[in-house]
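The number in our numbering is simply the position in the sequence shown, starting from 1, with 300 added. Quick reminder that beta carbons are idealized off the backbone N, C-alpha and C, glycines included.
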Amino acid sequence: MSIRIAAALLLPFVTPSAQATCAWHLLVSGYFSDNVAIYDACSGAFLRQLEQEGHVHGAQAVRVNPTDGLLYVVSERDDQVQRYRPHAGYAFVDVFAQLDADVDPTGLAFGSDGRVYVASYGTSRVLELDPLDGSVIGTLLPTDSGLLGADNGLMMSDAGLLYVPGYDSSSVARIDPATAQVQAAFVASGSGGLFETRGIVDEGATILVGGEGSGAIYRFDAATGAFVGTLVSGLNRPTGLAVAPDGSLLVLAGNRVRRYDRATGALLGTLADGADGGISGGTFLAFVPNPEAIFDDGFEPGEAAPQRAQPRRHEAP
301 MSIRIAAALL LPFVTPSAQA TCAWHLLVSG YFSDNVAIYD ACSGAFLRQL EQEGHVHGAQ
361 AVRVNPTDGL LYVVSERDDQ VQRYRPHAGY AFVDVFAQLD ADVDPTGLAF GSDGRVYVAS
421 YGTSRVLELD PLDGSVIGTL LPTDSGLLGA DNGLMMSDAG LLYVPGYDSS SVARIDPATA
481 QVQAAFVASG SGGLFETRGI VDEGATILVG GEGSGAIYRF DAATGAFVGT LVSGLNRPTG
541 LAVAPDGSLL VLAGNRVRRY DRATGALLGT LADGADGGIS GGTFLAFVPN PEAIFDDGFE
601 PGEAAPQRAQ PRRHEAP
């Protein structure tokens, strides 16, 4: 599909008053390339690298914290969570959290109450971090829960529940932070064919879950964890998932970002090529409001779109 057609398909991303400047940036993390590439979310054009000072090593989840408006970036090989300021040219702010060497952080999620959660692939845990200094203040999912390889698709649903992908157990755990209730096998290992769990997307009554090893995107009941159906199959090791502002599903697979109809699973087009942004071993997708996009009423885009979503852990590409 040509870039012209892909851009046309993305017109719902842009309000009529903001045709000249896309309201959103699409961020793509590269594990082996140690970078986060920024794309125009409407045209798919590569814009720039997040940073070029060598801060990031093994890029994983990237999300905007709604409490402070900063972009949080997981640097797995440094065992760090770093912060950047979108409204100042994505300038590096600091290392928010320096974790122990065995943590291998991958996923990141924020509660509506300002709480910060990190998935640890190395210890198969979910940790709570102090929102002020980044220190570990609690463990929501223990090492011995049965879930193995907590990965970067860690997701906080609109209902306030944490969903945890188990890469090595091919399962999904669900946690209620308010009650500390843990359902370690909320989605049972291999349910529906799921293998090597990665990205998770909140749909309200259902969740979409990516199986990197099985090359498919599955739908599960958000209340029971029961398998509902397979939305897309035949993918080349899908990793990052994100819901676009127009409601379509973006999937990072084979180093390309493609759009799918969430109702039918139909391919709508290719939005972006990871090679344009120097991405190797793509891991995660996130929509971030474009700081340069101003609506006619004088306000910038408000909240980031739902962000939900690495290569085989971790084989060279």
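Note that the C-beta distance between THR539 and GLU512 is below 7 Å.
In the DSSP annotation of this structure, the continuous segment of the beta strand (DSSP E) that includes GLU428 starts and ends at 425-429.
The Cβ atoms of ARG558 and VAL551 sit closer than 7 Å to each other. ASP444 and VAL464 have their C-alpha atoms spaced approximately 14 Å apart. Boundaries of the beta strand (DSSP E) around ARG385: 380-385. Restricting attention to ALA359, GLY438, LEU441, ASP402, the CA atom closest to the CA of GLY422 is found in ASP402.
One thing to note: THR497 has its Cβ no nearer than 7 Å to the Cβ of ALA516. Along the length of the segment 441-485, whole beta strand (DSSP E) runs at least 3 residues long occupy 462-466, 471-476, reported in chain order. Bounds of any beta strand (DSSP E) do not take in ILE579, whose DSSP letter is neither H nor E. Just measuring C-alpha positions, the residue of ALA320, ASP340, ASP334, ALA419 sitting nearest GLY582 is ASP334. In the three-state reduction of the DSSP assignment, SER420 falls in the strand class, which pools E and B. Scanning its chain for C-beta atoms nearer than 7 Å, with the 5 sequence neighbours on each side dropped, one finds around GLY534 the residues GLY515, in chain order. Taking the CA atoms as reference points, PHE410 sits about 14 Å from ARG383.
Residue pairing of PHE584 in beta bridges, as defined by DSSP: SER329.
One thing to note: VAL418 has its Cβ no nearer than 7 Å to the Cβ of LEU432. For SER375, the uninterrupted beta strand (DSSP E) segment begins and ends at 371-375.
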